[in-house]
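Take 15 as the starting number for the sequence shown in the numbering used here and just add one per residue.
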Amino acid sequence: RSEFAFLQGIFGIIVFGVFFIAWFADAYGRRAGIMVLVLTMGIPSILIVFLSINVYIFLLLYSVVIMATTSNLWEVPVSEEAPAKSRGLYGSTAFLIGVIPLYAILGTRIIDSFGWVWGYGVMFFLMLILMVLLYFMKEPQRWKDSVEARQNLRLGVMQALRKLRKEDRKYIIIATIVYLAWTISFKMATTFGGEYFVQVLNYTDDEFNSILTIAGLLLPVSALISGILLDKGGRNLVLVLGSLGSVVSLAALGLTGLPITYQLAYFFMAMVLAWIYVYLAEIFTTEVRSTSIGVCVTGARLGYVVGPLLSSLLISMFPVMNGFWIFAGVLMLIPLFTLLARPLETKGKTLEEIEIER
């Protein structure tokens, strides 16, 4: 168990490449950036089918796919086109669509019929569909205006980084802290939930799959509720509710082992993720919005290295994993401390108002 977690951590270093996809979307457009993102997910997925001759090649290709899935780029055009008063709901709806548990319904059938590698390979065909749809996508007007403002000059990587202002750096730190804590905690929960219930608590695979299916169904429910709360109650409220709920749920899982606590952890962790998706896509300036998000995501992706390595250590310390889950819960207290920096409440504000007031 600890060896696999260690390998995941080592190969997880690849996820830092997600920054360059984010910069590409600022330099060459949201549509071009998302196309590169989709290709980065789809091509390695089909290569897994034909090239996974050992665990090392599999983890290499798998890590490239994971790198692309960690990107928040798809939220940028949603934020730039959404009405100010319902931007939270629009962003969470995009999140909701992404967590509809189609794979929970179809994934097992695909694997049983064609083999486990096609559980990944099927994503290649989804890539083809998305590329056709993206061909018809129009660039957000805000991005076009930002290109005109820089007189259509090419935006290099270093130039984009130099354009980050003091306010950008403040919110990069805030967002990275929240995102890093969330990544480590959620990585621990998703990677080792099955092992905990099946090997420690002696649930059958079918019983755990039922637990996981309910947890997956709670994700779109959480996304919808979060979207409404983001617009009605505010961004800070959602961050507080999601973080505290995650702490209680994960700690309770370690103390009781009850399936409902694992499922509730999914619900509240998704609430924090909704905050991450919406807030990061609105708090930065248009010219370097995607690059700023890319810096946050890259920093947070330390969690894809630290999470498995930390899991390896905790599993060796707590073989029955009670302390493992309590520690995962305590990590979710960290996002609450970012409120001491008094981040701007963006509820109902236009992106232009946010840029001025922050």
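Built from N, CA and C at the ideal position, the CB exists for glycine as well. Quick caveat: nothing in here was measured; it's all calculated off a predicted structure.
Between the alpha carbons of residue 67 and residue 61 lies a distance of about 11 Å. Residue 24 and residue 317 have their alpha carbons spaced roughly 12 Å apart. CA-to-CA, the gap between residue 280 and residue 161 works out to about 40 Å. From the listed residues 290, 177, 289 and 328, the smallest Cα separation to residue 206 is found for 328. Under the three-state reduction of DSSP, residue 206 is assigned to helix. Counting only residues of its own chain and dropping the five nearest sequence neighbours on each side, residue 94 has a CB closer than 6 Å to the CB of 154 and 156. As summarised for the segment 185 to 242, there are no continuous alpha helix (DSSP H) elements at least 4 residues long confined to that stretch. Collapsing the DSSP output to three states places residue 48 in a helix.
Annotation for residue 359: no alpha helix (DSSP H) segment contains it, and DSSP assigns it neither H nor E. By the Cβ-count criterion, residue 250 is buried, with 16 or more other Cβ atoms from all chains shown falling within 10 Å of its own Cβ. For residue 158, the uninterrupted alpha helix (DSSP H) run begins and ends at 155 to 163, by DSSP. Looking from the CA of residue 273, the closest CA among 292, 308 and 224 belongs to 224. Remark: C-beta atoms of residue 214 and residue 344 do not approach each other more closely than 8 Å. It is roughly 8 Å from the alpha-carbon of residue 185 to the alpha-carbon of residue 294.
Judged by DSSP in its simplified three-state form, residue 172 adopts helix. Residue 130 carries a coil assignment under DSSP once its states are collapsed to helix, strand and coil. Put simply, the backbone Cα of residue 369 is about 19 Å away from that of residue 105. One thing to note: residue 174 has its Cβ within 8 Å of the Cβ of residue 302.
By the CB criterion at 8 Å, residue 238 and residue 110 fall inside the cutoff.
Under the DSSP assignment, residue 336 falls in the alpha helix (DSSP H) whose first and last residues are 336 to 345. Contact annotation: residue 36 and residue 307 have beta-carbon atoms nearer than 8 Å. Here the alpha carbon of residue 78 sits roughly 27 Å from the alpha carbon of residue 152.
In its chain, beyond the 5 residues on either side, 77, 78 and 81 have a beta carbon closer than 7 Å to the beta carbon of residue 28.
Boundaries of the alpha helix (DSSP H) harbouring residue 289: 273 to 297, taken from the DSSP string.
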